[in-house]
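Scroll down for the structure; my scribbles are underneath it.
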Amino acid sequence: MDQSRINICILSAAYNEGENLLVFYHAVKKVIDKLPYNFEFCFVNDGSKDDTLAVIRTLAHKDESVKYISFSRNFGQQIALKAGIDSINADAIIMMDSDLQHPPEMIPELIDIWLSKNVNMVNTLREEDQDLSWFKRQSSKNFYKVLNKVSDLKLEPGQADFRLIDRQVTETLKNTKEQDVFLRGMIQWIGFDQATIKYKANKRFAGESKYTFSKMLRLALAGITSFSIKPLYTAIYIGFFFALLSFLYLPYVMYSFAVGKAVDGWASLLMTVAFFGGLNLIVLGVLGIYIGKILIQNKERPLYIVQEQNIHENSLVEF
């Protein structure tokens, strides 16, 4: 394949990354300018409250290879990446965070593996960073353990959205219509030939991580409920277990009546009702999540709303 005819787009979702974007752009530009391929940038402004959009506009004004999509509000990183994928028409897309934790120096390696091994995508695994807090490392490990245990996915710890995907994968992802987007799961689910390399994350250049514990929890729930019905079976098993456990009360009741020592038992009764009431709420909550996902999916609302975008002829990004 003629390298000069290969079109590659760098896709980055940005939420309040005004301090990082210029540094990220120049760092990536320094790497790709040495490569023989055609590159463009696609930034997705995910409803930022800072000057992220203004910085992107400035970059787009100075560099025609910079394209952008700006949402009407914050829809989340996964949906922002999906919007970029929906809009890009390139031979390959490299997804990267704009905080410089994904090393731009790895771009040539991603491309070389893609071309030399003739795979459809090149995934990355983040090596454990000992500088992170114990809680952060453990929560990340548990995220993947729980996800793999209660879903049909098998994601390796440290797997990130930093990857290269080719046109065939891109076109497949464009045709997915899920409202609850979990790209790491979708990437594994669609299959294709894949390669994986490890990387050591850089320090975040500025600002704080947008992935709080609550967002990681929501992401885990999205992965579990989008790719598995195991929680429904688990709820049934739990229900049967405690139903059988409740029969242990029967010998006690029969003995109490037989010896004439039946007591009011209001305390134990109240505790039992409260316990099984809570169990019922858990089971109903699991059912509610799935029913809610069905409701949202059937409403067929747009996955995201674009407020602003730039359009150029002969672009790798087609809006």
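The sequence shown begins at 383 in our numbering and counts up by one.
Quick reminder that beta carbons are idealized off the backbone N, C-alpha and C, glycines included.
Computed from a predicted structure; not experimentally measured.
Could you say which of the options lies nearest to residue i if we only look at CA atoms?
{"i": "Tyr581", "options": "Asp445, Glu491 and Val688", "result": "Glu491"}
{"i": "Lys431", "options": "Val405, Met568 and Phe453", "result": "Phe453"}
{"i": "Leu507", "options": "His484, Val410, Asn557 and Gln691", "result": "His484"}
{"i": "Asp445", "options": "Ile476, Lys559, Gly458 and Tyr407", "result": "Tyr407"}
{"i": "Asn471", "options": "Glu553, Glu560 and Gln576", "result": "Glu553"}
{"i": "Leu546", "options": "Met488, Lys559 and Thr558", "result": "Met488"}
{"i": "Ile556", "options": "Asp494, Ala462 and Ser498", "result": "Correcting the residue identity first, residue 556 is Lys in this sequence and not Ile. When each option's Cα is compared against that of Lys556, the closest is Ala462."}
{"i": "Gly400", "options": "Tyr450, Asp433, Asn692 and Val665", "result": "Asp433"}
{"i": "Gly573", "options": "Thr558, Val551 and Lys416", "result": "Val551"}
{"i": "Gln689", "options": "Val665, Arg387, Lys411 and Tyr450", "result": "Tyr450"}
{"i": "Gln561", "options": "Leu685, Ile476 and Arg439", "result": "Leu685"}
{"i": "Ser498", "options": "Val410, Arg683, Lys416 and Ala577", "result": "Ala577"}
{"i": "Phe544", "options": "Met568, Ile476, Lys416 and Thr558", "result": "Ile476"}
Mind checking which residues open and close the alpha helix (DSSP H) that includes residue i?
{"i": "Gln459", "result": "Gln459 to Ser469"}
{"i": "Glu399", "result": "It is not in any alpha helix (DSSP H) - Glu399 carries neither H nor E in the DSSP assignment."}
{"i": "Glu491", "result": "Ile489 to Ser498"}
{"i": "Val437", "result": "Thr434 to Lys444"}
Applying the criterion that 16 or more other CB atoms from any shown protein chain within 10 Å of the CB defines a buried residue, is residue i buried or exposed?
{"i": "Trp762", "result": "No statement about residue 762 is possible, as the shown extent of the chain runs from 383 to 701 and does not include it."}
{"i": "Tyr397", "result": "buried"}
{"i": "Ala649", "result": "In this prediction, Ala649 has a pLDDT of 46, which is less than 50 and means its spatial position is unreliable; nothing more can be read from the coordinates."}
{"i": "Arg566", "result": "buried"}
{"i": "Asn427", "result": "buried"}
{"i": "Pro418", "result": "exposed"}
{"i": "Ile579", "result": "exposed"}
{"i": "Ile687", "result": "exposed"}
{"i": "Leu666", "result": "exposed"}
{"i": "Ile493", "result": "buried"}
{"i": "Ile673", "result": "exposed"}
Enumerate in chain order the residues of its own chain whose CB-to-CB distance from residue i is below 6 Å, with the five nearest sequence positions on each side excluded.
{"i": "Ser394", "result": "Phe425, Met478 and Ser480"}
{"i": "Phe421", "result": "Ile390 and Ile414"}
{"i": "Asp341", "result": "Absent from the structure is residue 341, since the part of the chain shown begins at 383 and ends at 701."}
{"i": "Val448", "result": "Phe423, Leu441 and Ala442"}
{"i": "Asn456", "result": "Asp428 and Gly429"}
{"i": "Lys464", "result": "Val563"}
{"i": "Gly466", "result": "Leu393, Cys424 and Val426"}
{"i": "Lys412", "result": "none"}
{"i": "Lys416", "result": "none"}
{"i": "Gly458", "result": "none"}
Can you find a C-beta in chain B that's less than 8 Å from the C-beta of residue i?
{"i": "Leu463", "result": "Among the protein chains of the structure shown there is no chain B, as only one such chain exists."}
For the beta strand (DSSP E) containing residue i, name the first residue and the last one.
{"i": "Gln576", "result": "Gln576 to Tyr581"}
{"i": "Met568", "result": "Element bounds for Met568: not the beta strand (DSSP E) but the alpha helix (DSSP H), Leu565 to Ile572."}
{"i": "Asp548", "result": "Arg545 to Asp548"}
{"i": "Ala474", "result": "Ala474 to Met477"}
{"i": "Tyr450", "result": "Val448 to Phe453"}
{"i": "Asn692", "result": "Counting along the chain, Asn692 falls outside any beta strand (DSSP E), and DSSP gives it neither H nor E."}
{"i": "Thr506", "result": "Met503 to Arg508"}
{"i": "Asn584", "result": "Careful: Asn584 lies outside any beta strand (DSSP E) and carries neither H nor E."}
{"i": "Asn427", "result": "Asn420 to Asn427"}
For residue i, collect the residues of the same chain with a Cβ closer than 7 Å to its Cβ; drop the 5 residues on either side in sequence, then sort them by chain order.
{"i": "Ala542", "result": "Thr506 and Arg508"}
{"i": "Asn584", "result": "Leu482, Gln483 and Pro485"}
{"i": "Val437", "result": "Gly400, Leu403 and Leu404"}
{"i": "Asn692", "result": "Ala442, Lys449 and Tyr450"}
{"i": "Gln385", "result": "Pro418 and Tyr419"}
{"i": "Glu695", "result": "The predicted position of Glu695 is uncertain, since its pLDDT is 49 and thus under 50; no value can be drawn from it."}
{"i": "Val558", "result": "Sequence inspection shows Thr at residue 558; the Val mentioned does not correspond to that position. Cβ within range, chain order: Met568."}
{"i": "Asn662", "result": "none"}
{"i": "Val504", "result": "Leu492, Ile495, Trp496, Arg545, Leu546, Ala577 and Ile579"}
{"i": "Arg439", "result": "none"}
{"i": "Phe435", "result": "Looking at the sequence shown, residue 435 is not Phe but Leu. Taken in chain order, the residues that qualify are Asn427 and Ser452."}
Using a Cβ-Cβ cut-off of 8 Å (strictly less than) and excluding sequence neighbours within five positions of residue i, which residues of its own chain qualify?
{"i": "Asn500", "result": "Asp575"}
{"i": "Arg387", "result": "Asn420"}
{"i": "Val410", "result": "Ile392, Phe423, Met478, Pro486 and Ile489"}
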